[in-house]
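Number of protein chains: 2
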Amino acid sequence: MVSGISLKELAAELNLAPSTVSRALNDSYEISAETKKRVLSMAEKLNYHPNPFARSLRENKSKTIAVIIPERINTFFAQVIDGIEKITQEHGYHLLVYCTHEDVDKEKKIVSLLLNGRADAIVMSVSSQTSDICHLKKLHDRGLPILFFDRICSEIPTTKFITNDYQITLEATRHLIHQGCKAPAFLMLSEDISITKERHRGFLAALKEAGIEHNPMLSKVCCQNESTNIEILRDLLTGSIKPDGILASVEKLALASYQAAKKENIKIPQDLKIISFSNMGIAGLLNPSLTTISQPACSIGEECAKILIKKLTKPNQPDLPNEVVVLPSKITIRASTMAE
Amino acid sequence: MVSGISLKELAAELNLAPSTVSRALNDSYEISAETKKRVLSMAEKLNYHPNPFARSLRENKSKTIAVIIPERINTFFAQVIDGIEKITQEHGYHLLVYCTHEDVDKEKKIVSLLLNGRADAIVMSVSSQTSDICHLKKLHDRGLPILFFDRICSEIPTTKFITNDYQITLEATRHLIHQGCKAPAFLMLSEDISITKERHRGFLAALKEAGIEHNPMLSKVCCQNESTNIEILRDLLTGSIKPDGILASVEKLALASYQAAKKENIKIPQDLKIISFSNMGIAGLLNPSLTTISQPACSIGEECAKILIKKLTKPNQPDLPNEVVVLPSKITIRASTMAE
DNA sequence: AGAAAATACGCAAACGTTTTCGATTTTATA
DNA sequence: TATAAAATCGAAAACGTTTGCGTATTTTCT
Numbered sequence: 004m005v006s007g008i009s010l011k012e013l014a015a016e017l018n019l020a021p022s023t024v025s026r027a028l029n030d031s032y033e034i035s036a037e038t039k040k041r042v043l044s045m046a047e048k049l050n051y052h053p054n055p056f057a058r059s060l061r062e063n064k065s066k067t068i069a070v071i072i073p074e075r076i077n078t079f080f081a082q083v084i085d086g087i088e089k090i091t092q093e094h095g096y097h098l099l100v101y102c103t104h105e106d107v108d109k110e111k112k113i114v115s116l117l118l119n120g121r122a123d124a125i126v127m128s129v130s131s132q133t134s135d136i137c138h139l140k141k142l143h144d145r146g147l148p149i150l151f152f153d154r155i156c157s158e159i160p161t162t163k164f165i166t167n168d169y170q171i172t173l174e175a176t177r178h179l180i181h182q183g184c185k186a187p188a189f190l191m192l193s194e195d196i197s198i199t200k201e202r203h204r205g206f207l208a209a210l211k212e213a214g215i216e217h218n219p220m221l222s223k224v225c226c227q228n229e230s231t232n233i234e235i236l237r238d239l240l241t242g243s244i245k246p247d248g249i250l251a252s253v254e255k256l257a258l259a260s261y262q263a264a265k266k267e268n269i270k271i272p273q274d275l276k277i278i279s280f281s282n283m284g285i286a287g288l289l290n291p292s293l294t295t296i297s298q299p300a301c302s303i304g305e306e307c308a309k310i311l312i313k314k315l316t317k318p319n320q321p322d323l324p325n326e327v328v329v330l331p332s333k334i335t336i337r338a339s340t341m342a343e
Numbered sequence: 004m005v006s007g008i009s010l011k012e013l014a015a016e017l018n019l020a021p022s023t024v025s026r027a028l029n030d031s032y033e034i035s036a037e038t039k040k041r042v043l044s045m046a047e048k049l050n051y052h053p054n055p056f057a058r059s060l061r062e063n064k065s066k067t068i069a070v071i072i073p074e075r076i077n078t079f080f081a082q083v084i085d086g087i088e089k090i091t092q093e094h095g096y097h098l099l100v101y102c103t104h105e106d107v108d109k110e111k112k113i114v115s116l117l118l119n120g121r122a123d124a125i126v127m128s129v130s131s132q133t134s135d136i137c138h139l140k141k142l143h144d145r146g147l148p149i150l151f152f153d154r155i156c157s158e159i160p161t162t163k164f165i166t167n168d169y170q171i172t173l174e175a176t177r178h179l180i181h182q183g184c185k186a187p188a189f190l191m192l193s194e195d196i197s198i199t200k201e202r203h204r205g206f207l208a209a210l211k212e213a214g215i216e217h218n219p220m221l222s223k224v225c226c227q228n229e230s231t232n233i234e235i236l237r238d239l240l241t242g243s244i245k246p247d248g249i250l251a252s253v254e255k256l257a258l259a260s261y262q263a264a265k266k267e268n269i270k271i272p273q274d275l276k277i278i279s280f281s282n283m284g285i286a287g288l289l290n291p292s293l294t295t296i297s298q299p300a301c302s303i304g305e306e307c308a309k310i311l312i313k314k315l316t317k318p319n320q321p322d323l324p325n326e327v328v329v330l331p332s333k334i335t336i337r338a339s340t341m342a343e
């Protein structure tokens, strides 16, 4: 009932062979225009819809792309998926979306679910806990097109999309320094992930350039839990080596900083200037408004999708090239980094 | 290559019939423990993964649930999906996620894609433009389990999950009045959707209860575009009938109100108090912090998923009962509604 | 007019599972 | 010991498509 009428039944209704009906529906040159019209109208009348699984089984492709992200409640990732969906939908692809919640074990489970061909390709951003990557290697070895964005996995030879993390963090840190920061801190979720390294490198470069000696205590690794992050940051802000600026490599750490500063009664931007990677639309409505480094999330999604669609739809396409595509981020200066 | 080894090949390797191997893998009582062990270890060794499409074709179910939401960049919907995923993943289900972007035409297209059995069930929240619902009826008539949350469709006899919209809006409006509002406004995306009506009803009831005569000009229908919304609200805030309070039935309208008030130099909460439906984690960090009505998004997702899983996994389950499940929302009072 | 080519369609296999129905062997029962 | 019952496995059909190949009819060319 729920699956509706089949091709065979449709063919029987028309007194035609299933093969003929199939060809007619697929607009084959072997079928006369008249027969095509007959088939089409009967298919419409009987509400025929081809079974996607029979087709997938036969064609060995699913018209489905899997997207794996570390968190759903995050403007950046949501925008990327919007971008992916926009392009892939035009080509009749469906999106399976999985969230790892920054948990590498969950990531492994999800990845293993995709070893059976359920998806024709994978677009993903690895969890912040991901250091061992043999589960990802297994996917790639199987021949499944896989493609990374933002949190990339450089060991796997495929196309990756990131932003100019080093350069933009360099500029952002320069901005902090220019606004008067003498001892900025760098906040991160993990030391392992690719972009964190790049961003940290840019941060340190700007300090060196300005002749500021960086105290490693001011490069802080935080965790997933919001309340413990706030505690970590309260300790940082009231510790022996107080930062007068913060560069948060992840949005949630900027927000935790706001909370911590609020609790410790530290004034932003007077006592503490904050700049953060963030794609929140409402950064301008925060108290004070947050200076952000925003990534071209939607474009990243679209570009991912485009290259994937090309690979999947054109026959005899080569493997995805092992290259890193860089799209520029943008700094929007707001109140949180204003010099007094 | 990408699809790996098949059951037949595995069987050949073991000198067993495919049927035996299938049964062994599915832990059938008909197979001896010894054979099972042999099969399992060989399957492991050869990296066998059952083809999901062959199975779906045979079993006539896909182990897939489709989720349709009006927007992705929205904490509420993201949380609901997190809740759904949490439960469904435990039972081996996959999630196809579609976004309508509040566009009813896109909604229709997406729905028509699901007429072929690609998903075993649908969980959705309709777009704000959806008034004609025959595309949804078609799904339900086909026998596909469909289930609504938040933006429900009452014409279709199935289970729906909402919050106590009438009651909580009544209380929220009382709060506004108690804080000194004499002429609160009500902001909505559309007059058509279910929850808007309920919320508006609660709003009006509170006004009546307080003996306040409501000017219909203060019930404002906004649109999807942020900048035009800001214009609409600037007009409202500077018009002949000025509101001194706002109840935003949707998060984005509260944010637009903040922007409009900022531009018009209207002080919140002194000149204008704002309360809004919102699940943003950072409502407390806005300037001023936003009083919110937050919905139990994650629970909604989990409850949806639970009832669905029950329906899908237990045999001979009756249709989803035609009832509305109500989960309570919660008001969190912050600075945006403080009396001076 | 006859041969060749083009047109339009049908038959059957194949994709990788699961399951019904038997078949054979082993074990338990009388 | 004969027989019923249980245990273990295999053959084959079925799910709904697509497609290679075969064939009958019509058209075109010489």
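Residue numbers (our numbering), protein chains in the order written: chain A, 4 to 343; chain B, 4 to 343. Cβ coordinates follow ideal geometry from the N, Cα and C atoms, glycine included.
Relative to Ser134 (chain B), the option among B:Cys156, B:Asp123, B:Gly146 and B:Ala124 whose CA is nearest is B:Cys156. Distance from the CA atom of Asp238 (chain A) to the CA atom of Ser292 (chain A), rounded to whole angstroms, is 24 Å.
Using a 10 angstroms sphere on the CB of Ala20 (chain A), the tally of other CB atoms stays under 16, which defines it as exposed. Each of B:Pro73, B:Leu323 and B:Thr172 was checked against the Cα of Thr295 (chain B), and the nearest Cα belongs to B:Thr172.
Between Ala263 (chain A) and Ile271 (chain A), the beta carbon gap of about 11 Å keeps them out of contact (Cβ cut-off 8 Å). Collapsing the DSSP output to three states places Gly248 (chain B) in a strand. Under the Cβ criterion (8 Å, minimum of three pairs), the segment 91-99 of chain B counts as touching the segment 304-323 of chain B.
Per DSSP, reduced to three states, the secondary structure at Ile235 (chain A) is helical. Cβ-Cβ separation between His52 (chain A) and Leu142 (chain B): approximately 12 Å, too far for a contact (criterion under 8 Å). For Tyr261 (chain B), the uninterrupted alpha helix (DSSP H) run begins and ends at Glu254 to Lys266, by DSSP. Close CB contacts of Leu28 (chain B) within its chain, under the 6 Å cut and outside five residues either way in sequence, are absent. For Met283 (chain A), the three-state secondary structure derived from DSSP is coil. At least one beta carbon of chain A lies nearer than 9 Å to the beta carbon of Ser65 (chain B). With a cutoff of 9 Å on beta-carbon distance, Met127 (chain B) and Ile180 (chain B) are scored as not near each other. A Cβ-Cβ contact shorter than 9 Å links Gly120 (chain A) with Asn54 (chain B).
Annotation note: the segment 133-191 of chain B contains the following uninterrupted alpha helix (DSSP H) runs of length 4 or greater, listed N- to C-terminal: 137-144 and 168-181. Annotation for Thr38 (chain B): the continuous alpha helix (DSSP H) segment containing it runs Ala36 to Lys48. Per DSSP, the unbroken beta strand (DSSP E) holding Cys102 (chain A) starts and ends at His97 to Cys102. Scanning B:Ile136, B:Ala124, B:Leu150 and B:Asp153 for the CA closest to the CA of Lys111 (chain B) turns up B:Ile136. Rounded to the nearest whole angstrom, the CA to CA distance from Ile87 (chain B) to Arg58 (chain B) is 24 Å. When the Cα atoms are used, Thr241 (chain A) and Asn232 (chain A) turn out to be separated by approximately 14 Å.
Pairing Leu190 (chain A) with Cys225 (chain A) gives a Cβ-Cβ distance under 9 Å.
Contact annotation: Ala300 (chain A) and Gly183 (chain A) have beta-carbon atoms that are not nearer than 9 Å. When the Cα atoms are used, Ile312 (chain B) and Leu221 (chain A) turn out to be separated by approximately 48 Å. Listed along the chain, the chain A residues whose CB falls inside 7 Å of the CB of Pro21 (chain B) amount to none; the nearest CB is some 15 Å away. Residue range Val327 to Leu330 is occupied by the beta strand (DSSP E) that includes Leu330 (chain B), with no alpha helix (DSSP H) assigned at that position. Distance from the CA atom of His217 (chain A) to the CA atom of Ile198 (chain A), rounded to whole angstroms, is 20 Å. Taken in chain order, the members of the segment 78-105 of chain A whose beta-carbon sits within less than 7 Å of a beta-carbon on chain B are Thr78, Ala81, Gln82, Ile84, Asp85, Glu88, His97, Leu98, Leu99, Val100 and Cys102.
If you compare the alpha carbons of B:Gln82, B:Pro219, B:Ile235 and B:Tyr169 with that of Phe206 (chain B), the shortest gap goes to B:Tyr169. Nearest to Phe79 (chain A) by C-alpha distance, out of A:Asp108, A:Lys109, A:Asp144 and A:Phe152, is A:Phe152. With a threshold of 9 Å between beta carbons, Asn319 (chain A) makes no contact with chain B. Per DSSP, reduced to three states, the secondary structure at Ser297 (chain A) is strand. Residues of chain A with a Cβ closer than 7 Å to the Cβ of Val5 (chain B) are, in chain order, Gly120, Arg145, Gly146 and Leu147. Contact check for Val100 (chain A) against Ser130 (chain A) fails: the beta carbons are separated by 9 Å or more. Secondary structure at Leu323 (chain A): coil, using DSSP grouped into helix, strand and coil.
Identification of chain A residues near Asn54 (chain B) by a Cβ-Cβ cut-off of 8 Å yields Leu60, Asn119 and Gly120, ordered along the chain.
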